Amino acid sequence: MSKNSRIPFIVCSLVLFSSWVQAESKWITETHKIYSIHYDSVDKQNVKEYKAFIDSGILTVQAFFGGSFKSRFEVNIHPNRKSLDTQWQTDWKMPDFKSECWMVASGVAGKLDMISPKRWDTESCEHKYADKIKTQQLITHELVHAYHGQFNASPDFSDVTGIDWFVEGLATYASGQSDSASLAEVRKAVSENKFPAELDKFWTGKLRYGFSGSMVLFIDKKFGRAKIIELLKFNNKKDLLAALSISEEELLNEWKEYISRHTVSL
């Protein structure tokens with residue numbers, strides 16, 4: 006998620022566990038190998054399920070990148086949207102911020118914040134906890150942001166320029182959200198010449214996840230996973246394209262041809 010049209014992952018402070026949470030006596034903390042999880046007592050009966058999603062997501066992320074997280078991180082399970090909004094208002098220094106109904110989680114180098122997944126049905130307008138595949142993918146998506154942030158020049162993604170498409174596309178692709186249905190939508194848009202003419206526009210509109218994820222998929226197929234890993238450190242488009250030794254125009258043209266001519270598989 007982001008600040009412009011992607012508020013979910015950007016501008017989070019690296020305060021690992023904010024004072025308002027520490028002051029709330031109902032919150033419980035558990036320490037695990039590479040993360041600590043904090044949750045309200047109302048989620049005590051749910052935390053085992055949530056940890057299973059987190060642990061599975063960590064394994065997926067580390068398998069994708071072929072390496073471990075560099076440092077520990079925090080996971081905050083919020084009992085409702087009001088709690089999550091309070092956290093984001095503090096982190097983003099936006100006291101009047103109110104999240105959109107589809108926003109349920111965010112991830113940066115130091116932490117992952119999310120509404121208690123079992124409350125997504127009532128606290129969000131898009132996400133259903135019963136769809137366990139999509140629930141797992143969403144949590145894994147945010148864990149990709151956490152991993153990426155630990156290697157990026159801007160750990161909380163507050164100082165990035167022109168790479169929204171890469172940050173979100175990487176999380177979409179690595180989490181498995183660039184599935185056949187998503188790629189079919191992208192292919193249809195390309196065939197109808199309804200796709201962004203520049204990378205800066207990839208993370209906009211209804212198909213922003215599809216476009217961005219498919220671009221990272223293409224980079225992975227063309228340049229290889231080692232190159233994807235190399236790109237983690239860059240916080241601007243100029244350096245990222247230089248590392249690929251390709252111009253933006255060439256990248257877009259080759260992506261378009263790939264999407265048009267290939268039956269894309271993950």
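Quick note: to get this note's numbering, add 5 to the position in the sequence shown (first position is 1). Where a beta carbon is used, it is the ideal one built from N, C-alpha and C, also for glycine. These figures come from a predicted structure and were not determined experimentally.
| Asked | Found |
| --- | --- |
| Taking Val172 as the reference, which of Gln155, Lys87 and Ala186 has the closest Cα? | Gln155 |
| Using only the alpha-carbon positions, how far apart do Ser41 and Ala202 sit? | 42 Å |
| According to DSSP, is Lys116 helix, strand or coil? | strand |
| Hey, how far is the Cα of Leu148 from the Cα of Thr140? | 13 Å |
| Check Tyr134 in the structure and name its three-state DSSP category. | coil |
| Rounded to the nearest angstrom, what separates Thr65 and His150 at their Cα positions? | 13 Å |
| Would you tell me roughly how many angstroms separate the C-alpha atoms of Lys133 and Val221, rounded to the nearest one? | 26 Å |
| Which of the three DSSP states, helix, strand or coil, is assigned to Phe78? | strand |
| Go ahead and pull the three-state DSSP assignment for Asp205. | helix |
| Extract the residue ranges of the beta strand (DSSP E) inside the segment 212 to 266, only unbroken runs of 3 or more that lie entirely within it. | none |
| May I ask whether a heavy atom of the ligand COA can be found less than 6 Å away from the beta carbon of Val195? | Only the bare structure without any ligand can be found here, which leaves the ligand COA out of the picture. |
| When the distance is taken between beta carbons, is Asn241 closer than 7 Å to Gly167? | yes |
| Report the three-state DSSP secondary structure of Ala28 (helix, strand or coil). | Caution is warranted here: a pLDDT of 47 is assigned to Ala28, below 50, making its placement in the model unreliable, and the coordinate value is therefore given only provisionally. Three-state result, Ala28: coil. |
| So which of Phe78, Val109 and Phe74 has the shortest CA-CA distance to Asp90? | Val109 |
| Look up Ile63 in the DSSP assignment and say whether it is helix, strand or coil. | helix |
| Could you tell me which residues DSSP pairs with Tyr40 in its beta bridges? | Phe78 |
| State yes or no: is the C-beta of Trp208 within less than 7 Å of the C-beta of Trp260? | no |
| DSSP has Ser183 in a bridge; who is on the other side? | DSSP output for Ser183 lists no bridge partner at all. |
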